[in-house]
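Visitor: For the sequence shown, the residue numbers in this note's numbering are 453 to 640.
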Amino acid sequence: EEFIARTQSDAALRVSEERNRLALQAARMGTWDVDFSRNLITWSSETEVLHGLAPGTFEGTFAALRQTVCPEDWPYFENEMNASIAEHRETIATFRTIWPDGSAHWIESRARTKYTEGGAPVRVNGTAMDITERKLAEGAMQAKEERPLLAVGFAHGGHGEGGAGRAAALVAGRCWAQSCRSRANARR
Numbered sequence: 453e454e455f456i457a458r459t460q461s462d463a464a465l466r467v468s469e470e471r472n473r474l475a476l477q478a479a480r481m482g483t484w485d486v487d488f489s490r491n492l493i494t495w496s497s498e499t500e501v502l503h504g505l506a507p508g509t510f511e512g513t514f515a516a517l518r519q520t521v522c523p524e525d526w527p528y529f530e531n532e533m534n535a536s537i538a539e540h541r542e543t544i545a546t547f548r549t550i551w552p553d554g555s556a557h558w559i560e561s562r563a564r565t566k567y568t569e570g571g572a573p574v575r576v577n578g579t580a581m582d583i584t585e586r587k588l589a590e591g592a593m594q595a596k597e598e599r600p601l602l603a604v605g606f607a608h609g610g611h612g613e614g615g616a617g618r619a620a621a622l623v624a625g626r627c628w629a630q631s632c633r634s635r636a637n638a639r640r
């Protein structure tokens, strides 16, 4: 009887794990974990894929994590992680990851930290979600809204609201993304 109960429990667990895995894949999400006692980062295969890595190839170190985050985004990412842990709050970080082919992809990472009774962080569990399509849609919407402002700004010698300053910001944003890809390629 105990054997049958154990077998049924194991089967239910496998079904639940498979359902979670399929849901994560459908949502283009993955999971990750940081174990401070072992100084180890563990990524699900879905998280590896979100960062442009083949499943099973993430090395599990902080140095390996840093290699996957766009260099310009790293200070923000690191500050958010450290601040959320120190403040005992949920982590929400949005950053770009640069794939081996040089393409940039946006990730939104959310996490919660577990602490000892004394308040020291023990482990962080989180999710990573590909938000590239959302960011592209936001960028397209912003560009659509900027066009009339740019025309007004240029027509008034760049002094109108938006004007040349906004045009320069848009160009700088594109250059920033190209710079990010170039630096990531130089690291590889």
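All C-beta atoms, glycine included, are put in the ideal place defined by N, C-alpha and C. Given the structure is predicted, the values throughout are model-derived calculations rather than measurements.
Would you grab the beta carbon distance between LYS566 and VAL574 for me? Rounded to a whole angstrom, and I think it's under 8 Å.
Guide: Correct: roughly 5 Å between the Cβ atoms.
Visitor: From ILE583 to GLU532, what does the alpha carbon distance come to, in whole angstroms?
Guide: The straight-line gap from Cα to Cα measures roughly 18 Å.
Visitor: In this structure, does DSSP put PRO573 in helix, strand or coil?
Guide: The answer is strand: DSSP assigns PRO573 an E or B state.
Visitor: Using the Cα positions of GLU498 and ALA506, report the straight-line distance between them to the nearest angstrom.
Guide: In a straight line, the C-alpha of GLU498 is about 9 Å away from that of ALA506.
Visitor: With LEU492 as the anchor, note down where its beta strand (DSSP E) starts and where it stops.
Guide: Unbroken beta strand (DSSP E) run through LEU492: 492-495.
Visitor: On the premise that PHE547 lies in contact with ILE559, defined as a C-beta separation below 8 Å, what is that separation, rounded to the nearest angstrom?
Guide: Indeed, because the Cβ distance is near 6 Å, the residues count as touching under 8 Å.
Visitor: Compute the Euclidean distance between the alpha carbons of LEU622 and CYS522, then round it to the nearest angstrom.
Guide: A caution first: LEU622 carries a pLDDT of 39, below 50, which makes its placement in the model too unreliable to give a value.
Visitor: Using a 10 Å radius around the Cβ and a threshold of 16 neighbouring Cβ atoms, would you call GLY578 buried or exposed?
Guide: That one is buried.
Visitor: Could you give the residue range of the beta strand (DSSP E) that holds SER561?
Guide: Taken as a continuous stretch (DSSP letters only), the beta strand (DSSP E) holding SER561 covers 556-567.
Visitor: For ASP487, I'd like the list of residues in its chain whose CB is within less than 6 Å of its CB, leaving aside the five on either flank, ordered along the chain.
Guide: The answer, listed in chain order, is ARG575.
Visitor: GLU530 to ALA545, Cα distance in whole Å?
Guide: Using only the alpha carbons, I get a separation of about 9 Å.
Visitor: Return the first residue and the last residue of the beta strand (DSSP E) that ARG518 is part of.
Guide: First-last for ARG518: 514-520, but that is the alpha helix (DSSP H), not the beta strand (DSSP E).
Visitor: I'd like to check one pair, PHE514 with TRP495: are the Cβ atoms closer than 7 Å?
Guide: For TRP495 and PHE514, no; Cβs fall outside 7 Å.
Visitor: Helix or strand or just coil, what does DSSP make of ILE583?
Guide: Coil, per DSSP.
Visitor: Would you call SER561 buried or exposed, if buried means 16 or more other Cβ atoms sit within 10 Å of its Cβ?
Guide: Its Cβ being crowded by 16 or more others within 10 Å, SER561 is buried.
Visitor: Taking buried to mean at least 16 other C-beta atoms within 10 Å of its own C-beta, is ILE456 buried or exposed?
Guide: Counting Cβ neighbours within 10 Å, ILE456 comes out exposed, since fewer than 16 surround it.
Visitor: Under a Cβ-count criterion, where at least 16 other Cβ atoms within 10 Å of its own Cβ denotes burial, should LEU517 be classed as buried or exposed?
Guide: Per the 10 Å Cβ criterion, buried.
Visitor: Among all the DSSP beta bridges, which residues are the ones paired with ARG548?
Guide: ARG548 pairs with TRP558.
Visitor: Can you name the start and end residues of the beta strand (DSSP E) that GLY482 belongs to?
Guide: Run containing GLY482: 481-487, per the beta strand (DSSP E) assignment.
Visitor: Figure out for me which residue from ASN491, GLU590, GLN594, LEU502 has the closest Cα to the Cα of ALA556.
Guide: Answer by Cα proximity: LEU502.
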